[in-house]
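Participant: Protein chains in written order, with our numbering: chain A, 1 to 115; chain B, 1 to 113.
Idealized CB from N, CA, C, for every residue including glycine.
All values derive from a computational prediction rather than experimental measurement.
What follows is a single structure, and I will ask about it in a moment.
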Amino acid sequence: DAGVIQSPRHEVTEMGQEVTLRCKPISGHDYLFWYRQTMMRGLELLIYFNNNVPIDDSGMPEDRFSAKMPNASFSTLKIQPSEPRDSAVYFCASTPSPPGANVLTFGAGSRLTVL
Amino acid sequence: DAKTTQPTSMDCAEGRAANLPCNHSTISGNEYVYWYRQIHSQGPQYIIHGLKNNETNEMASLIITEDRKSSTLILPHATLRDTAVYYCIVRVAHGAGSYQLTFGKGTKLSVIP
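The following block contains the structure:
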């Protein structure tokens, strides 16, 4: 398996533009997570899905952020409109249902810079 | 979740064992100890986890004290590639909300040539 695949790896955009980050989880993994990492706040859980259904989105910072999982092999995190404070590395991770509980496999991340 | 306390940073000589401590004095009986690491510019990587028995895999060993209030991650022969931030996380393994791992600041391990 190629692991968790994220795209793009790097994105530079201007304030106000829409940003879409993509994630392909490992096949067979029922859970998908979106994390954000900044120097100030460290790694923060934004939202996670189970069987394509959002379970907890309490970490999503505000309405400008939205996440979808239309099928078991694809998820998107969208920011519209983007702001400079959204600059961060966004990680996607997946894990199978137990017995793999809490053994997450992370992607390489998408580094977002909003100018 | 039980709160964890880790040193901010540690150094280790290449080829020597790296012992990374973690305090989790408020751990509950059904909470596991998980270790992840994050090498610069990469996503976090799972290392090992345990409940109360010592655990060993190809990457590391995990020693949990009998009272479970602290643990130590051991990298037996540290290499330069082990330079990373190491996170100790305490979490239940199953049940509602069990998947919401919370990463603290971790320990920055520097392996010195």
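So for B:Tyr68, helix, strand or coil by DSSP?
Facilitator: As a position in the second sequence, residue 68 of chain B is number 68, starting the count at 1. Strictly speaking, residue 68 of chain B in this sequence is Arg, with Tyr absent from that position. In the structure shown, B:Arg68 sits in coil (DSSP, three-state: anything other than H, G, I, E or B).
Participant: Would you tell me roughly how many angstroms separate the C-alpha atoms of B:Ser110 and A:Glu44, rounded to the nearest one?
Facilitator: By 1-based counting over the second sequence, the position of residue 110 of chain B is 110. By 1-based counting over the first sequence, the position of residue 44 of chain A is 44. If you take the alpha carbons of B:Ser110 and A:Glu44, they lie about 24 Å apart.
Participant: Report the option in A:Lys78, A:Asp30 and A:Gln6 whose CA atom is closest to the CA atom of A:Asn52.
Facilitator: Position 52 of the first sequence holds residue 52 of chain A. If we check each option's Cα against that of A:Asn52, A:Asp30 comes out closest.
Participant: Going by DSSP, name the residue or residues bridged to B:Gln38.
Facilitator: Locating residue 38 of chain B in the second sequence gives position 38, where the first residue counts as 1. Note: B:Gln38 sits in a beta bridge opposite B:Val85.
Participant: Near B:Asp82, which residues of its chain fall below 7 Å by C-beta distance, leaving aside the five closest residues on each side in sequence?
Facilitator: Within the second sequence, numbered from 1, the residue matching residue 82 of chain B stands at position 82. Closer than 7 Å at the Cβ level, and outside the excluded window around B:Asp82, lie Ala18, Leu75, Leu109 and Val111.
Participant: Give a yes or no on whether the C-beta atoms belonging to A:Thr113 and A:Ser87 are separated by under 7 Å.
Facilitator: The sequence position of residue 113 of chain A within the first sequence is 113, counting from 1. The sequence position of residue 87 of chain A within the first sequence is 87, counting from 1. Contact flag set, yes.
Participant: Under a Cβ-count criterion, where at least 16 other Cβ atoms within 10 Å of its own Cβ denotes burial, should B:Ser71 be classed as buried or exposed?
Facilitator: The sequence position of residue 71 of chain B within the second sequence is 71, counting from 1. Buried: at least 16 other Cβ atoms inside 10 Å.
Participant: Could you tell me whether any Cβ in chain B is nearer than 7 Å to the Cβ of A:Tyr31?
Facilitator: As a working note, residue 31 of chain A is residue 31 in the first sequence. Output row for A:Tyr31: interface = yes.
Participant: From the DSSP output, read off the bridge partner residues of A:Gln6.
Facilitator: To locate residue 6 of chain A, count along the first sequence from 1; it is residue 6. Beta-bridge pairing links A:Gln6 to A:Cys23.
Participant: Along the segment 41–70 of chain A, where does the CB come closer than 7 Å to a CB of chain B? Name the residues.
Facilitator: For the segment 41–70 of chain A, which is checked against every Cβ of chain B, the residues closer than 7 Å are Gly42, Leu43, Leu45, Tyr48 and Asp56.
Participant: Give the interface partners of A:Gly107 over in chain B, defined as CB-CB distance under 7 Å, in chain order.
Facilitator: Numbered from its first residue, the first sequence carries residue 107 of chain A at position 107. Here the neighbours are Gly43.
Participant: To the nearest angstrom, how far is the alpha carbon of A:Val89 from that of B:Glu58?
Facilitator: Residue 89 of chain A sits at position 89 when you count from the first residue of the first sequence. Residue 58 of chain B sits at position 58 when you count from the first residue of the second sequence. One C-alpha to the other measures close to 29 Å.
Participant: Report the rounded CA-to-CA distance for B:His77 versus B:Thr56, giving the unit in angstroms.
Facilitator: Reading the second sequence from its first residue, position 77 is the one you call residue 77 of chain B. Reading the second sequence from its first residue, position 56 is the one you call residue 56 of chain B. Cα to Cα, the separation comes out at about 14 Å.
Participant: Contact criterion: CB-CB distance below 7 Å. Does A:Val103 meet it with respect to chain B?
Facilitator: Within the first sequence, residue 103 of chain A is the residue found at index 103, counting from 1. Yes, because at least one Cβ of chain B sits closer than 7 Å to the Cβ of A:Val103.
Participant: Which residues of the segment 98–112 of chain B have a Cβ closer than 8 Å to any Cβ of chain A? Give them in chain order.
Facilitator: Answer in chain order: Ser98, Tyr99, Gln100, Leu101, Thr102, Phe103, Gly104 and Lys105.
Participant: Is there at least one Cβ from chain B nearer than 7 Å to A:Phe91's Cβ?
Facilitator: On the first sequence, residue 91 of chain A is found 91 positions in, with the first residue counted as 1. Yes, because at least one Cβ of chain B sits closer than 7 Å to the Cβ of A:Phe91.
Participant: Listed in chain order, which residues of the segment 46–66 of chain B have Cβ atoms closer than 8 Å to some Cβ of chain A?
Facilitator: The residues in question are Tyr46 and His49.
Participant: Tell me whether A:Leu77 sits in a helix, a strand or coil according to DSSP, three-state version.
Facilitator: As a position in the first sequence, residue 77 of chain A is number 77, starting the count at 1. Strand, per DSSP.
Participant: Pull out every residue of the segment 29–40 of chain B whose Cβ sits closer than 9 Å to any Cβ of chain A, in chain order.
Facilitator: Flagged, chain order: Tyr32, Tyr34, Tyr36 and Gln38.
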